[in-house]
Every structure is written in structure tokens, then in C-alpha cells.
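Participant:
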Amino acid sequence: MIRFIAPILISLLTIQSALAEKEWPQVSDMKWTERRQLDSQREWVEDLSKEKLGQNIRQTSDDLEALQRIIHKGLIKQDQSYQLQSLGVVLGDLFVKELGLEWRIYEDEKGRSRATCAPNTQECLFPITMLSRRMEVGLMPDVNKIYSEASDMIKPHLPALPYEAKPK
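Taking mature numbering (1 follows the signal peptide of the UniProt record, and there is no 0), I'd label the letters of the sequence shown as residues -20 to -1, 1 to 148.
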């Protein structure tokens, strides 16, 4: 009996030590289901913006104004976390389009998060919660300021374009 249990125990200890040695953070591609969730949240904000503001979401800087109007009009209650986080998807889409970031999964000791990351790095922004965390505690975030400050934080980690000096 011990000859059968000993290999199992050794295998379990090996697996446990391999997990303990995992390096954090890890950045990986999104799965289809995660991309679909982003699409669903994006569509929800698009529908809300069309219905309540008469404004389309176009993945342009005009979206920042639409997000600000949604916030100022109180169209989403502070306890509606999923809907608040949906605003962050639209914000993240702007980081992707304007700065060349990529939607990725960022995983560390605390869990998995959807993030927009500089290509080929572990440098990421977390737009899903940039607005929602503030709004959940009753604040009215300045969307342009958040976008600008986050952009400034990530720019040093972006690859330089050909014939362009890397920002200092």
C-alpha cells in the first residue's frame, strides 16, 4: 500500500512546489469568453449612450465626453458594478485605439483582471475599474483627467515608432 501512496505524495509535493514558484505577474491572451464579455459590456454602453444621450460610441475621443455625460446624469447607480465596469471597457478601448495597447489578462497573487497592456510587456492599465471604483464610493470622476493621467503613466512603456525617440 505504501508503494502506491508514496509516488502520489511525491507528485503532489512537486506540483505544490511548482505552483509556489510561479512568477507574478503573468500576462496572457484573453479567451473567447472573456472577449465576448467585453463585447457585451461595450454594446450595453453603446445602447445606453444612444438611448439616453443620442450619441454613438465610436472609439474616438468623443467617447470620453459620452462617458462623462453618463456619469454626470447619474444614469448608472453606484451599486451597479457590472454596468459601472462597462464604462471602463469603453475607456479601455480608447487606450487600445489611441495608444496601441492590447486587451490582455493580468494575473497576480490576488487574481485575474482584464487589462490594457503595452505590447510585449507586463506594464498594464486597469480601465475596467478606473471609473467604477470611484463611482461606487460616490465620487464623480473626471474622465478626461483619468484618461490623460493613465496615458502619461503608460507611455514610457510603449515601443518607440520607427524614427521616433522613445519618451523619457
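Where is the CB? At the ideal position from N, CA and C, for every residue including glycine.
Run through DSSP, which three-state label would Ser20 get?
Facilitator: In this structure, Ser20 counts as helix in the three-state DSSP scheme.
Participant: Using the Cβ count rule (16 or more neighbours within 10 Å means buried), how would you classify Asp43?
Facilitator: buried
Participant: List, from N- to C-terminal side, the beta strand (DSSP E) runs of 3 residues or more that fit wholly inside the stretch 33 to 69.
Facilitator: none
Participant: Measuring straight from C-alpha to C-alpha, what distance separates Leu67 and Lys53?
Facilitator: 14 Å
Participant: By how many angstroms is the C-alpha of Arg113 removed from the C-alpha of Ser61?
Facilitator: 9 Å
Participant: Pull up the distance between the alpha-carbon of Leu64 and that of Met110, whole angstroms please.
Facilitator: 10 Å
Participant: With DSSP run on the structure shown, which of helix, strand or coil describes Leu138?
Facilitator: coil
Participant: Using 8 Å for Cβ pairs, my map puts Leu74 next to Leu55. What's the rounded Cβ distance?
Facilitator: That belief does not hold up - the Cβ atoms of Leu74 and Leu55 are roughly 19 Å apart, past 8 Å.
Participant: Could you name the residues of the same chain whose beta carbon sits closer than 6 Å to that of Met115, not counting the 5 residues immediately before and after it, in chain order?
Facilitator: Gln58 and Leu64
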